[in-house]
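Numbering (this note's numbering), first residue to last: 15 to 216. Structure first, then comments.
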Amino acid sequence: MTAVWETFLEFARLELASGGPDPHLALAVQGMGEVADPCEKAWRAGCYVGPYEVSTGAVLWSHWPLAQTLAAPEQFTAWIQEHWAGLQIRRERRAARTPVKMAEALLSAARWAAVVGPTLNGQSFEALWTTADRGLRYYGRYALIKFLETLHRGGVVHEGATDIRPAGGWSPRGTLALLFPGDDHALLVESNRADGLALANA
15 MTAVWETFLE FARLELASGG PDPHLALAVQ GMGEVADPCE KAWRAGCYVG
65 PYEVSTGAVL WSHWPLAQTL AAPEQFTAWI QEHWAGLQIR RERRAARTPV
115 KMAEALLSAA RWAAVVGPTL NGQSFEALWT TADRGLRYYG RYALIKFLET
165 LHRGGVVHEG ATDIRPAGGW SPRGTLALLF PGDDHALLVE SNRADGLALA
215 NA
């Protein structure tokens, strides 16, 4: 076993032993379990992944249930702007780092939850990925993975992630290149061509 693999496996062991990855996701799932409606559960997942901070997510879903958010989007946006300084937002959510973008992201999650929520559990991961990718604003590849994983762990959808969604996933593909060094490094890490994506999935 190479030193790279030994280091990676040690990291993975420690990450899992500490409750990771994403130990805060368990708190979000707990919050989702407080409601029965799948649409409301999906909204709570959006409130968590929008800022990617469970404390902010809990504040959002406590003050703004789904129906109220959908009924008053302008007031919701004004509320986000008014309370922006006190909301915790993780740096991973740089796509939505302004009050307007965050409000748009969350409102898109609310609309998605209301429309797709009733049929969530019967859909495949691919179908969910397609609808979420089209419907959610300012949710990039990473946030979409987290959103769908939250729905899965929250019992709202049956199927979890089937791969790393390699298109545009430079960081995880860079990790794959370190773990599997070879002459195809550039194809694996730098190309979004079909053969590069297939190699990453393989």
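Beta carbons: idealized from backbone N, C-alpha and C, even for Gly. From a predicted model like this one, the values you see are computed outputs, not experimental measurements.
Measure the beta-carbon distance from residue i to residue j and round it to whole angstroms, keeping in mind my assumption that it falls under 8 Å.
{"i": "GLU163", "j": "ARG104", "result": "GLU163 to ARG104, Cβ: 15 Å. No contact."}
{"i": "ALA109", "j": "LEU150", "result": "Not confirmed; about 11 Å, so no contact."}
{"i": "ALA181", "j": "ASN206", "result": "5 Å"}
{"i": "ALA128", "j": "LEU74", "result": "Not a contact, Cβ separation roughly 16 Å."}
{"i": "ARG179", "j": "ARG155", "result": "6 Å"}
Identify which residue in the options has its Cα closest to the Cα of residue i.
{"i": "THR133", "options": "VAL63, THR91, GLY34, LYS55", "result": "LYS55"}
{"i": "THR144", "options": "ALA175, LEU121, LEU120", "result": "ALA175"}
{"i": "GLU88", "options": "PRO113, ARG107, ARG58", "result": "PRO113"}
{"i": "LEU23", "options": "ALA214, ALA212, LEU193, LEU211", "result": "LEU193"}
{"i": "MET116", "options": "HIS38, GLY33, TYR152, SER138", "result": "TYR152"}
{"i": "ALA85", "options": "LEU121, ALA42, PRO195", "result": "LEU121"}
{"i": "ALA72", "options": "HIS38, ALA50, ALA99, GLN95", "result": "HIS38"}
Within 10 angstroms of its Cβ, does residue i collect 16 or more other Cβ (buried), or is it exposed?
{"i": "THR83", "result": "buried"}
{"i": "PRO35", "result": "exposed"}
{"i": "ARG225", "result": "Residue 225 falls outside the range modelled here, since the chain spans only 15 to 216, and no answer is possible."}
{"i": "PHE25", "result": "exposed"}
{"i": "ALA40", "result": "exposed"}
{"i": "THR70", "result": "buried"}
{"i": "GLY64", "result": "buried"}
{"i": "GLY60", "result": "buried"}
{"i": "ARG58", "result": "buried"}
{"i": "ARG148", "result": "exposed"}
{"i": "VAL18", "result": "exposed"}
{"i": "GLY183", "result": "buried"}
{"i": "ALA208", "result": "exposed"}
{"i": "LEU202", "result": "buried"}
{"i": "ALA50", "result": "exposed"}
Could you tell me the alpha carbon to alpha carbon distance between residue i and residue j, rounded to whole angstroms?
{"i": "VAL171", "j": "LEU165", "result": "6 Å"}
{"i": "GLN44", "j": "GLY168", "result": "8 Å"}
{"i": "GLU48", "j": "LYS160", "result": "20 Å"}
{"i": "TRP93", "j": "VAL130", "result": "25 Å"}
{"i": "ALA141", "j": "ALA212", "result": "19 Å"}
{"i": "GLU118", "j": "PRO52", "result": "21 Å"}
{"i": "LEU101", "j": "GLU173", "result": "31 Å"}
{"i": "GLY136", "j": "GLU106", "result": "30 Å"}
{"i": "THR189", "j": "ALA157", "result": "19 Å"}
{"i": "LEU28", "j": "MET46", "result": "27 Å"}
{"i": "ALA146", "j": "GLY196", "result": "35 Å"}
{"i": "SER32", "j": "GLU20", "result": "18 Å"}
{"i": "HIS77", "j": "THR91", "result": "13 Å"}
Task: Runs of alpha helix (DSSP H) wholly within the region 34–74 (minimum 4 residues, chain order) - done: Taking only runs of at least 4 residues, the alpha helix (DSSP H) segments lying wholly in the region 34–74 are 37–46, 52–63.
Task: Ordered list of alpha helix (DSSP H) runs contained in the region 138–173, each at least 4 residues - done: Counting only unbroken stretches of 4 or more residues, the alpha helix (DSSP H) elements lying wholly within the region 138–173 are 139–149, 155–167, in sequence order.
- [ ] Scan the region 78–105 and note each continuous alpha helix (DSSP H) run of 4 residues or more that stays entirely inside, going in chain order.
- [x] Listed in chain order, the complete alpha helix (DSSP H) runs (minimum 4 residues) inside the region 78–105 are 80–85, 87–97.
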